[in-house]
Amino acid sequence: MNKSEQTFNTERTNTDKSLVDEREKTNRSLNKAKGAAEKLTDEKVQINRAEADEDTQMARDLADTKRSAGHTASETKNEKITERRIGEERSRSDAAVELERTRVDIAIVQERESKSVIETKFLDQERQLTDKNLKIERTLTDSVVLTTSVELITEVEAHTKTKISLTTRDEFLAIVSHDLRNPIGAVSSCMDMLLDSAIERSLSTDTVNWLHLAKRNADSSLRLIGDILDMERMAEGKLELNSTLHEIESIIADSVENFVHAAALKNVTISTEQVTPCAIFCDRDRVLQVLSNLIGNALKYTPKTGQIDLITARTNNYLTVSVRDNGPGIPKEKAKTIFEKFTQLSSSDRTGLGLGLHISKMLVEAHDGNLWVVSTLGVGSTFSFRLPIVKSV
């Protein structure tokens with residue numbers, strides 16, 4: 007028996023004892039009250055009878071006095087006869103009164119006994135009803151306790167599974183962050199070194215293309231790993247921003263530079279002519295991550311010989327940064343869910359996990375900003391995010 011069950015049984019034992027004590031106390035109180043009431047009734051009856059006897063005796067004495075005063079000596083003989091008859095009549099009357107009083111006493115006793123039986127029966131019925139209700143209540147309580155115990159056991163089992171799951175997830179994240187990211191990062195670095203020395207090594211065009219393909223896939227893998235780690239940091243509330251003052255045109259320039267080669271392969275123009283200088287207080291790497299995601303998506307869906315425009319605009323205390331393309335546009339039903347996790351525009355697109363826009367939205371909101379899209383089918387899409395401006399340092 008566990009501690010909870012012991013406490014529960016102790017509570018019930020205490021309840022039963024309290025109920026018995028209360029009933030005994032009630033019995034004593036009822037008997038005391040009934041005894042006091044019966045005593046008071048008996049005293050009143052005795053007082054009434056004494057007063058009745060006194061009144062009767064006074065009436066008789068008065069009658070005797072009047073009769074003696076109103077008679078002459080010659081009537082003495084007849085008076086004696088009358089006195090004898092009156093005495094006999096009074097004796098019979100006293101006997102009748104005494105008999106009636108005896109009958110009344112018997113009736114009172116019988117009435118008290120009947121009331122006592124009725125009271126006892128009624129009290130027993132009330133107590134039986136109380137016991138029945140208590141039994142029902144305990145049955146319900148047992149049912150609730152059983153249900154709660156089952157739920158507790160289930161919760162403990164679920165907690166154990168969750169703990170195992172969390173341990174497994176932590177191990178998974180350790181693998182992702184160390185055992186996968188580091189070797190893939192090394193592969194990407196090797197590709198960079200080979201590409202930088204391609205001319206010196208007299209590498210063929212096919213070899214260079216294969217190196218670029220390997221480089222793009224390695225970098226894509228690193229971005230996927232980064233997305234997974236970012237999602238976990240956000241889920242655990244561990245995402246931290248390292249915000250300092252930065253010029254937005256510098257961040258945009260670095261973002262565009264990362265896509266120069268890919269844009270050239272599709273003959274897509276990336277324009278920054280509508281970017282105006284402005285200082286913002288932000289985490290540069292995170293804003294660069296948002297811009298890279300938006301430019302990468304725009305480049306993915308912009309047709310060959312298309313154009314991508316980067317635009318900035320100041321409004322009050324905010325800076326709005328927009329990435330506009332002339333791609334196919336986004337259907338309305340997709341535009342409503344595009345910022346949710348694991349959402350992709352095309353079911354055939356498996357170049358990512360569908361986390362990029364969701365993470366970008368979370369990063370912008372972490373800067374007290376917001377991210378949205380305006381799109382028209384057949385015309386193109388414009389993704390914009392707004393960040394607070396730092397007017398002066």
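Sequential numbering of the sequence shown, starting at 7, is according to our numbering. Even for Gly, the Cβ is constructed at its ideal location relative to N, Cα and C. These numbers were taken from a predicted model, which means no experiment stands behind them.
Starting from the C-beta of residue i, find all residues in its chain whose C-beta is less than 8 Å away, skip the five residues before and the five after it, and write them out in chain order.
i: Arg133; result: Arg29
i: Ile258; result: Thr278, Val281, Leu297, Leu316, Thr318, Val327
i: Gly375; result: Tyr324, Phe391, Arg392, Leu393, Pro394
i: Ile344; result: Ile336, Leu351, Leu363, Val379
i: Leu228; result: Arg187, Ile190, Gly191, Ser194
i: Arg96; result: Arg66
i: Glu11; result: none
i: Thr19; result: none
i: Val214; result: Leu201, Ala204
i: Lys167; result: none
Here's the rule I'm using: 16 or more other beta-carbon atoms within 10 Å means buried, otherwise exposed. How should residue i be labelled?
i: Met368; result: buried
i: Asp233; result: buried
i: Met197; result: buried
i: Asp236; result: buried
i: Arg320; result: exposed
i: Leu377; result: buried
i: Leu230; result: buried
i: Val150; result: exposed
i: Ile53; result: exposed
i: Gln63; result: exposed
i: Gln366; result: In the sequence as displayed, the identity of residue 366 is Ser instead of Gln. Its Cβ being crowded by 16 or more others within 10 Å, Ser366 is buried.
i: Leu361; result: buried
i: Arg356; result: Model confidence at Arg356 stands at a pLDDT of 43, short of 50, so the residue's coordinates are unreliable; what they give is reported in the following sentence. Its Cβ having fewer than 16 others within 10 Å, Arg356 is exposed.
i: Gln116; result: exposed
i: Val370; result: buried
i: Gln295; result: buried
Below 6 Å CB to CB, which residues in the same chain sit around residue i once its five sequence neighbours on both sides are set aside?
i: Arg330; result: Asp315, Thr388
i: Phe287; result: Ser249, Leu251, Val396
i: Asn15; result: none
i: Leu245; result: Arg239
With residue i as the anchor, note down where its beta strand (DSSP E) starts and where it stops.
i: Glu279; result: 275–280
i: Val327; result: 324–331
i: Ser210; result: Element bounds for Ser210: n/a, residue is neither H nor E.
i: Ile317; result: 313–321
i: His252; result: 250–253
i: Gly386; result: 386–394
i: Leu377; result: 376–382
Which residues bound the alpha helix (DSSP H) around residue i?
i: Cys196; result: 187–202
i: Leu300; result: 290–307
i: His267; result: 266–272
i: His364; result: 362–372
i: Glu339; result: 338–341
Would a C-beta distance cut-off of 8 Å place residue i and residue j closer than the cut-off?
i: Ile276; j: Val293; result: no
i: Leu363; j: Asn299; result: yes
i: Asp185; j: Ser249; result: no
i: Lys221; j: Ser194; result: yes
i: Glu17; j: Arg118; result: no
i: Leu247; j: Ala372; result: yes
i: Ala268; j: Leu305; result: yes
i: Gly312; j: Val274; result: yes
i: Leu219; j: Leu201; result: no
i: Lys310; j: Lys272; result: yes
i: Arg107; j: Arg55; result: yes
i: Ala224; j: Glu253; result: no
i: Pro283; j: Glu255; result: yes
Leaving out the 5 sequence neighbours to the left and right, which residues in its chain are closer than 7 Å to residue i when beta-carbon positions are compared?
i: Ala341; result: Val379, Ser381
i: Thr308; result: Val274, Ile314, Asp331, Asn332, Gly333
Does the beta carbon of residue i sit closer than 8 Å to a beta carbon anywhere in chain B?
i: Gly302; result: Chain labels in this structure do not include chain B; a single protein chain is all it has.
contact_flag[the region 33–48, the region 140–155] where n(CB pairs < 8 Å) is 3 or more = The region 33–48 makes no contact with the region 140–155; the number of CB pairs closer than 8 Å stays below 3.
With a cut-off of 8 Å, do at least 3 Cβ pairs link the region 376–386 to the region 332–348?
-> Enough Cβ pairs lie closer than 8 Å, so yes.
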